[in-house]
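Quick note: the sequence shown uses full-length UniProt numbering, first residue 1, plus one each step.
Ideal placement from N, C-alpha and C gives every residue a C-beta, glycine not left out.
The structure appears below as structure tokens.
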Amino acid sequence: MAVLRLFAAAREAAGTASEDVPGATVDEVLAAARARHGDAFARVLESSRVWCNGTPAEGGQAVGPDDEVAVLPPVSGGAEPSSARGRQVSRDRPAAGPGDRARAHPRRHRRVRRAGPPPAPEAASPAPADAGAPDERGEAADRLTRLRSVPLPPTGQVRVRGRDRPVSGTGARRTVVGRRYAVVYDTSGHKVTLGVLWFVAVVGSLALGWAPLALLFGIAAGWAALEAAMRSREAGRAAEPWVAALGGGAIGAAGAAGSEYVGGAILLVVVAAAVAAALTLPRRDEVLAAAGTSVLCAVPFGLASACVVLTRDLEIGAAVVLVLFASAYEAGDFLIGSGASNSVEGPLVGILTIAVTGAIVAVLQVPPFDGAPAFTFAALAAVACPLGQLACSAILPAADARAPSARRVDSLLLLAPAWAFTCGLLVASQG
Numbered sequence: 001m002a003v004l005r006l007f008a009a010a011r012e013a014a015g016t017a018s019e020d021v022p023g024a025t026v027d028e029v030l031a032a033a034r035a036r037h038g039d040a041f042a043r044v045l046e047s048s049r050v051w052c053n054g055t056p057a058e059g060g061q062a063v064g065p066d067d068e069v070a071v072l073p074p075v076s077g078g079a080e081p082s083s084a085r086g087r088q089v090s091r092d093r094p095a096a097g098p099g100d101r102a103r104a105h106p107r108r109h110r111r112v113r114r115a116g117p118p119p120a121p122e123a124a125s126p127a128p129a130d131a132g133a134p135d136e137r138g139e140a141a142d143r144l145t146r147l148r149s150v151p152l153p154p155t156g157q158v159r160v161r162g163r164d165r166p167v168s169g170t171g172a173r174r175t176v177v178g179r180r181y182a183v184v185y186d187t188s189g190h191k192v193t194l195g196v197l198w199f200v201a202v203v204g205s206l207a208l209g210w211a212p213l214a215l216l217f218g219i220a221a222g223w224a225a226l227e228a229a230m231r232s233r234e235a236g237r238a239a240e241p242w243v244a245a246l247g248g249g250a251i252g253a254a255g256a257a258g259s260e261y262v263g264g265a266i267l268l269v270v271v272a273a274a275v276a277a278a279l280t281l282p283r284r285d286e287v288l289a290a291a292g293t294s295v296l297c298a299v300p301f302g303l304a305s306a307c308v309v310l311t312r313d314l315e316i317g318a319a320v321v322l323v324l325f326a327s328a329y330e331a332g333d334f335l336i337g338s339g340a341s342n343s344v345e346g347p348l349v350g351i352l353t354i355a356v357t358g359a360i361v362a363v364l365q366v367p368p369f370d371g372a373p374a375f376t377f378a379a380l381a382a383v384a385c386p387l388g389q390l391a392c393s394a395i396l397p398a399a400d401a402r403a404p405s406a407r408r409v410d411s412l413l414l415l416a417p418a419w420a421f422t423c424g425l426l427v428a429s430q431g
């Protein structure tokens, strides 16, 4: 088992930026990835270079769970196609000339002067004839030699002041939380425009009544559950995507009828998932796994959507503030986190945005938040929104799994149920 990191065309062919792939050597990891992602990925792999932990990798190099294998497609010149997986570049250099002293790299240790003529330089062993890697010499070899001390694999080049400069990829998340749960921001497409349209649709449905709101969040919950189940099935987990989609939508829409109907809808989804899995899978353990995955994908998104509808039925002001806090967090998190070098800056800015929004709510005294309760509920949102993102990553098979609908409501996964419960207590105490 090793972590496979994909760049450029390899990432597009596989549909993911990083994943855990079984294998004891680099060749076995690449073979497993080729079998998982199909012919398009295999074609990209043929013309790519392979690095392991920041250095060129040999096909037979042993790897473990803490090792990272990077696939680097040809960028700005690229590599020659090859069927072999050994990618070690020859480091041969021509004999040193009189002008080479000016290009010598500074050394940290002192040079020891030796008597007699200097020894003749030994020629490095050439790469195997079938390795297929291009033989790079001169300035290119000198540049690649220096890059071997850099912990990040180069992903391309940019031209600065007339010279090509190698560009390294983003830093790998070394911790378990960072690699498995931290949000991977998808910046492809019109994400900001879609976010604004989603906010307008939610606010409009809040103004129109409970029926449009239940319809909107029912569709959102079903779509999110469908994407989560499909990504789980693609990762090798047994799941019933359409059961999860219909179940999530039904739970979300049941919020319009009341909390009792939400509980009944959850029970029906559990039964439906078990029956659907029993009809399609022969083994008992597979039936339980498929039913559990389907319920896991349907219930959280459906419950969060139902709680938004329940909050609107309880107090429209509370529902409006809930949407404002969640939207403020998502805007700050995405705008800053998508360009940050770590996974902490985005959520921190989102929390600061919630604090500013909470101050505005407290000044306007939006019912039922007349003063101090606004800051209490702002603190609840500041804790629940980032935890909801981590919960969404736990539902998905990987943090970078492509599920835009699930990510659209991930900040509400824990916030909406807690909000509906605490707002009910607040309204009851005020009434």
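Between Ala-401 and Trp-419, the alpha-carbon positions lie close to 28 Å from each other. Straight through space, the alpha carbons of Ala-290 and Val-21 are spaced by roughly 22 Å. Beyond the five residues adjoining it in sequence on each side, Pro-417 comes within less than 8 Å, by CB distance, of Leu-303, Ala-304, Cys-307 in the same chain, given in chain order. For Ala-13, the number of other beta carbons within 10 angstroms of its own is at least 16, and it is reported as buried. Taking a contact to require three or more Cβ pairs closer than 8 Å, the region 240 to 257 and the region 266 to 275 qualify as touching. Less than 8 Å separates the beta-carbon of Thr-293 from that of Arg-237.
Ala-17 and Thr-193 have their alpha carbons spaced roughly 24 Å apart. In this structure, Arg-11 sits away from Glu-68, with a CB-CB distance that is not shorter than 8 Å. Taking the Cα of Ile-251 as reference, the smallest distance to any Cα among Phe-301, Pro-282, Val-203, Leu-213 is reached at Phe-301. Counting along the chain, the unbroken alpha helix (DSSP H) around Arg-312 starts and ends at 284 to 314. With a 10 Å radius around the Cβ and a threshold of 16 neighbouring Cβ atoms, Leu-364 comes out exposed.
The three-state secondary structure of Pro-56, taken from DSSP, is strand. Rounded to the nearest whole angstrom, the C-alpha separation of Thr-422 and Ser-327 is 20 Å.
Cβ-Cβ separation between Ser-393 and Arg-180: approximately 7 Å, consistent with a contact (criterion under 8 Å). Across the structure, Ala-2 and Trp-51 are spaced so that their CA atoms are roughly 12 Å apart.
Glu-68: member of the beta strand (DSSP E) spanning 68 to 72, first to last residue. With respect to the C-alpha of Leu-396, the residue from Ala-384, Ala-224, Ala-253 having the closest C-alpha is Ala-224.
For the 8 Å CB-CB criterion, Pro-386 and Gly-317 do not form a contact.
Under DSSP, Leu-6 takes part in a beta bridge, and its partners are Val-71.
A straight line joining the alpha-carbon of Leu-348 with that of Ala-331 spans about 12 Å. For Ala-298 against Gly-248, the beta-carbon gap comes to about 4 Å, under 8 Å, which counts as contact. For the pair Gly-337 and Tyr-185, the Cα-to-Cα distance works out to about 7 Å.
About 5 Å separates the Cβ atoms of Ser-405 and Glu-227, confirming a contact at the 8 Å cut-off.
Look at Ser-18 here: in three-state DSSP terms it is strand. For Thr-353, the enclosing alpha helix (DSSP H) begins and ends at 345 to 364.
Beta-bridge annotation (DSSP): Val-50 is paired with Val-71. By the Cβ neighbour-count rule, Arg-283 is exposed, with fewer than 16 other Cβ atoms within 10 Å of its own.
Taking 8 Å as the cut-off, the beta carbon of Ala-273 is found closer than this to the beta carbon of Glu-240. Annotation: Ala-403 is outside any alpha helix (DSSP H) and is labelled neither H nor E by DSSP.
Only residues of its own chain outside the window of five on either side were considered, and among them Pro-367, Pro-368, Cys-423, Val-427 have a CB closer than 8 Å to the CB of Glu-315, listed in chain order. When beta bridges are read from the DSSP output, Ala-62 appears opposite Thr-25.
For Glu-260, the uninterrupted alpha helix (DSSP H) segment begins and ends at 259 to 280.
In this structure Leu-216 does not touch Ala-319 by the C-beta definition: roughly 12 Å separates them, more than the 8 Å allowed. With respect to the C-alpha of Asp-27, the residue from Glu-58, Leu-197, Ala-257 having the closest C-alpha is Glu-58. Annotated as proximal: Ser-48 and Val-71, with beta-carbon spacing under 8 Å.
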